[in-house]
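In what follows, a single structure is set out as structure tokens and then discussed.
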Amino acid sequence: MAKKIMKILGVLVVLLIAAIASLYMIYLRPVMNKMSETSTIKYDKDLTLVIGGGGNSGILSSDSLVIVIDTKMKDAAEALYKTAKEIAGTKPILVINTHYHSDHTGGNKYYKGSTIIAGGNYSPEFWKKEAGEEGMPTLWLKDKMDIKMGDDTVTVLNLGKNAHTQSDIVVYLHKRKMLFGGDVILNKQAPVLIGSADPDGYMMAFDMLPLRFDIQKVVPGHGTIGGPEVITDFKTYFLDMKSAAADPSKKDEMLAKYRGYTQIPLFMSNNAAIRAFKKKAAAK
Ligand SMILES: [Zn+2]
Numbered sequence: 087m088a089k090k091i092m093k094i095l096g097v098l099v100v101l102l103i104a105a106i107a108s109l110y111m112i113y114l115r116p117v118m119n120k121m122s123e124t125s126t127i128k129y130d131k132d133l134t135l136v137i138g139g140g141g142n143s144g145i146l147s148s149d150s151l152v153i154v155i156d157t158k159m160k161d162a163a164e165a166l167y168k169t170a171k172e173i174a175g176t177k178p179i180l181v182i183n184t185h186y187h188s189d190h191t192g193g194n195k196y197y198k199g200s201t202i203i204a205g206g207n208y209s210p211e212f213w214k215k216e217a218g219e220e221g222m223p224t225l226w227l228k229d230k231m232d233i234k235m236g237d238d239t240v241t242v243l244n245l246g247k248n249a250h251t252q253s254d255i256v257v258y259l260h261k262r263k264m265l266f267g268g269d270v271i272l273n274k275q276a277p278v279l280i281g282s283a284d285p286d287g288y289m290m291a292f293d294m295l296p297l298r299f300d301i302q303k304v305v306p307g308h309g310t311i312g313g314p315e316v317i318t319d320f321k322t323y324f325l326d327m328k329s330a331a332a333d334p335s336k337k338d339e340m341l342a343k344y345r346g347y348t349q350i351p352l353f354m355s356n357n358a359a360i361r362a363f364k365k366k367a368a369a370k
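So this note's numbering is basically just the index in the sequence shown, starting at one, shifted up by 86.
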């Protein structure tokens with residue numbers, strides 16, 4: 087009897103492993119492959135955008151300084167560093183991290199001796215625990231900073247309210263009317279709303295940013311670049327997921343509407359977004 091049970095259990099374990107492996111092959115691997123691909127856009131003489139390979143990045147140069155916005159992960163992080171170094175030559179490089187997640191900070195370790203700016207609502211202990219000690223930020227920005235870059239001005243702004251994380255930073259290039267939204271603004275990708283993430287903070291940002299800045303170009307944290315519609319589309323996504331959370335009869339319609347969004351089952355998906363809104367409503 088015991089032998090038979092063991093045999094059945096053994097078969098079940100094998101089946102379970104096979105099921106997980108095929109789920110990985112079917113769902114996760116294509117998404118991971120898509121997210122690790124990079125494409126480089128020479129936007130103008132002084133601005134290069136590198137899309138994918140973790141979070142989207144920008145390399146902006148002036149006569150005396152090069153700014154790198156988000157440092158990517160793995161191979162893409164090293165490639166971005168090489169490109170930035172080529173552009174910079176002997177000029178110093180300043181790094182800005184939109185938030186602490188490793189797909190945006192994985193390359194920080196390459197920028198030894200550089201100033202690295204991140205949101206000031208993180209404590210250094212928190213950062214060390216979550217993102218590692220190597221390539222830790224050197225400047226914790228509490229509110230706002232303006233940096234003169236040739237004929238453009240770069241505003242680095244701490245949102246100051248939990249949205250994607252407890253200290254998201256956005257970067258605005260005034261002359262180019264371009265916003266780097268970090269993961270508070272995504273283009274056709276489901277958000278990750280775990281840990282200290284707060285859907286209400288996103289909603290605040292969607293309303294506040296277009297009032298504060300004249301935004302004509304948007305570089306989202308993930309997905310292709312676009313115009314101001316990237317923000318309004320993502321706001322509509324949040325409103326739709328909120329309505330699906332409040333009214334179960336709308337759920338299927340909303341899941342179908344956003345089926346084409348990049349998703350990872352359980353934590354970066356339309357279902358997970360609806361769950362996050364339900365949790366938020368229950369806590370009120
Ligand atoms: Zn990200």
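Here a beta-carbon is modelled for each residue, glycine too, at the ideal position from N, C-alpha and C.
Once you ignore the five residues that flank residue i on each side, which residues in its own chain have a CB closer than 8 Å to its CB?
i: residue 332; result: 363, 367
i: residue 252; result: 205, 207, 208, 282
i: residue 92; result: none
i: residue 214; result: 222
To which residues of the same chain is residue i closer than 6 Å at the C-beta, ignoring the five residues directly before and after it?
i: residue 355; result: 276, 349
i: residue 302; result: 263
i: residue 258; result: 241, 265, 299
i: residue 159; result: 140, 188, 189, 192
i: residue 174; result: 152
i: residue 343; result: none
i: residue 200; result: 179, 181
i: residue 341; result: 356
Relative to the C-alpha of residue i, which residue among the options is closest?
i: residue 187; options: 227, 205, 173, 197; result: 205
i: residue 211; options: 226, 280, 201, 197; result: 226
i: residue 320; options: 337, 223, 288; result: 288
i: residue 117; options: 365, 358, 346; result: 346
i: residue 157; options: 182, 361, 201, 177; result: 182
i: residue 290; options: 318, 132, 90; result: 318
i: residue 293; options: 95, 177, 324, 168; result: 324
i: residue 217; options: 196, 341, 185, 230; result: 185
i: residue 124; options: 358, 203, 224, 136; result: 136
i: residue 261; options: 121, 359, 133, 90; result: 133
In chain order, what residues of the same chain have a beta carbon less than 7 Å from the beta carbon of residue i, not counting five sequence neighbours either side?
i: residue 170; result: 145, 152, 154, 179
i: residue 316; result: 271, 273, 304, 306
i: residue 336; result: 329, 330
i: residue 95; result: none
i: residue 224; result: 201, 202
i: residue 228; result: 206, 244
Would you mind sorting residue i into buried or exposed? The rule is 16 or more other CB atoms within 10 Å of its CB.
i: residue 328; result: buried
i: residue 285; result: buried
i: residue 313; result: exposed
i: residue 248; result: buried
i: residue 108; result: exposed
i: residue 97; result: exposed
i: residue 138; result: buried
i: residue 176; result: exposed
i: residue 280; result: exposed
i: residue 162; result: buried
i: residue 401; result: With the chain running from 87 to 370 in the structure shown, residue 401 is simply not present.
i: residue 87; result: exposed
i: residue 326; result: buried
i: residue 106; result: exposed
i: residue 295; result: buried
i: residue 142; result: buried
i: residue 338; result: exposed
i: residue 121; result: buried
Compute the beta-carbon to beta-carbon distance between residue i and residue j, rounded to the nearest angstrom, for a pair I have assumed lies under 8 Å.
i: residue 232; j: residue 245; result: About 16 Å; that fails the 8 Å criterion.
i: residue 278; j: residue 267; result: Rounded, the Cβ-Cβ distance is 14 Å, inconsistent with contact.
i: residue 196; j: residue 164; result: 7 Å
i: residue 352; j: residue 359; result: Actually they are not in contact, since the Cβ atoms of residue 352 and residue 359 sit about 12 Å apart, beyond 8 Å.
i: residue 243; j: residue 230; result: 5 Å
i: residue 202; j: residue 194; result: 6 Å
Hey, is the stretch 296-315 in contact with the stretch 260-274, meaning 3+ C-beta pairs nearer than 8 Å? yes
Examine the Cβ distances between the stretch 224-240 and the stretch 131-148 and report whether three or more of them are shorter than 8 Å. When Cβ pairs closer than 8 Å are counted between the two stretches, the stretch 224-240 is seen to touch the stretch 131-148, the count reaching three or more.
Please confirm if the stretch 121-136 is in contact with the stretch 97-112, defined as three or more CB-CB distances below 8 Å between the two stretches. no
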